[in-house]
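**Q** Below are the structure tokens for one structure; questions will follow.
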Amino acid sequence: MVEINSIISTNIGELKIVEFLGRGKSGYSYLAEFGNQKLVFKLMHNEENPYYKFDKNKVELELKSYEILESITSNIPKLIDYSIDKNYLVKEFIDGKLASNAIAENILQKIHLERLIKLAQECEDLNINIDYFPSNFVITEDEIFYIDYEVNEFMKEWSLENWGIYYWLNSKGFKMFIETNDSSFINSDVQKGIPHKVEFEEKAKMLFANFNGLK
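Position 27 of the sequence shown, counting from 1, maps to 26 under numbering that gives the first Met the number 0, and the rest follow consecutively.
Written out as structure tokens, the structure is:
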């Protein structure tokens, strides 16, 4: 990990680390200052994940994924800098609210779910999945941004419709998860990363049916 207020040397110059943003499957993300500009510095880690395996260098994987995502949507942070040797990425900072926090506060709007479903269907058309876990998204008033660069080959079990949407609908569970860091509030199987589904199945079906009816 990187200490807050430390200075990191990158290809674009020195960044000042000002805030820890979070830990993902592949790395630690930090808010950094570059002059008057806010950026995100992501340092890859080697920690194991019980339900996801990386078969290549994580920076190289994310660079490849970034190229794919650019062809699908403009609602991703721009890649500013990277180093395979030093194992980092520098990305644009998207100013907004983490979707996970919006879900916990029960302030997510219909437009956000509609844009999420639209993005998921565009990904499925290209036979890919992204990581639909809410902490990988930032929302603004009427937009949604995918702030991770993870892309995988499409598998139905990890699609939005069969996996991710159940996190987005579990407001009470996410509130408790954020407060306690106990993932059993959002997962029926913590080790495999399987969300609680039964109580949200009807709402999920209705969401997708209504969206498809609008197309």
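Where is the CB? At the ideal position from N, CA and C, for every residue including glycine.
Predicted, not measured: the structure shown is a model, and the values here were computed from it.
From Glu66 to Thr9, what does the alpha carbon distance come to, in whole angstroms?
**A** Here residue 66 corresponds to residue number 67 of the sequence shown, with the count starting at 1. Here residue 9 corresponds to residue number 10 of the sequence shown, with the count starting at 1. Approximately 21 Å between the Cα atoms of the pair.
**Q** Specify, as a first and last residue, the run of the beta strand (DSSP E) that Leu14 falls within.
**A** Position 15 of the sequence shown, counted from the start, is the residue given in the question as residue 14. Here the beta strand (DSSP E) through Leu14 covers Gly12 to Arg22.
**Q** Taking the runs of the alpha helix (DSSP H) that are 4 residues or longer, which of them lie wholly in the region 53-128?
**A** For the region 53-128, whole alpha helix (DSSP H) runs of length 4 or above, ordered along the chain, are 57-69, 98-103 and 109-124.
**Q** Would you report the Cα separation of Trp157 and Val150, rounded to the nearest angstrom?
**A** The residue you call residue 157 lines up with position 158 of the sequence shown. The residue you call residue 150 lines up with position 151 of the sequence shown. One C-alpha to the other measures close to 12 Å.
**Q** Tell me the DSSP secondary structure of Met43 in three-state form.
**A** Within the sequence shown, residue 43 is the residue found at index 44, counting from 1. Reduced to three states, the DSSP call for Met43 is strand.
**Q** Assign Thr139 to one of three DSSP states: helix, strand, or coil.
**A** In the sequence shown, the residue the question calls residue 139 occupies position 140. Here Thr139 sits in coil by DSSP.
**Q** To the nearest whole angstrom, what separates the beta carbons of Ile16 and Tyr29, a pair I think is in contact under 8 Å?
**A** Start at 1 with the first residue of the sequence shown, and residue 16 comes out as number 17. Start at 1 with the first residue of the sequence shown, and residue 29 comes out as number 30. With a Cβ gap of about 5 Å, Ile16 and Tyr29 count as contacting.
**Q** Check whether the Cβ atoms of Ala98 and Phe136 lie closer than 8 Å to each other.
**A** Within the sequence shown, numbered from 1, the residue matching residue 98 stands at position 99. Within the sequence shown, numbered from 1, the residue matching residue 136 stands at position 137. The answer is yes: Cβ separation under 8 Å.
**Q** Per DSSP, what kind of secondary structure is Asn4 in: helix, strand or coil?
**A** If you number the sequence shown from 1, residue 4 lands on position 5. Coil, per DSSP.
**Q** Taking the C-alpha atoms as reference points, what is the distance between Gln260 and Tyr166?
**A** With the chain covering 0 to 214 only, the question about residue 260 has no answer from this structure.
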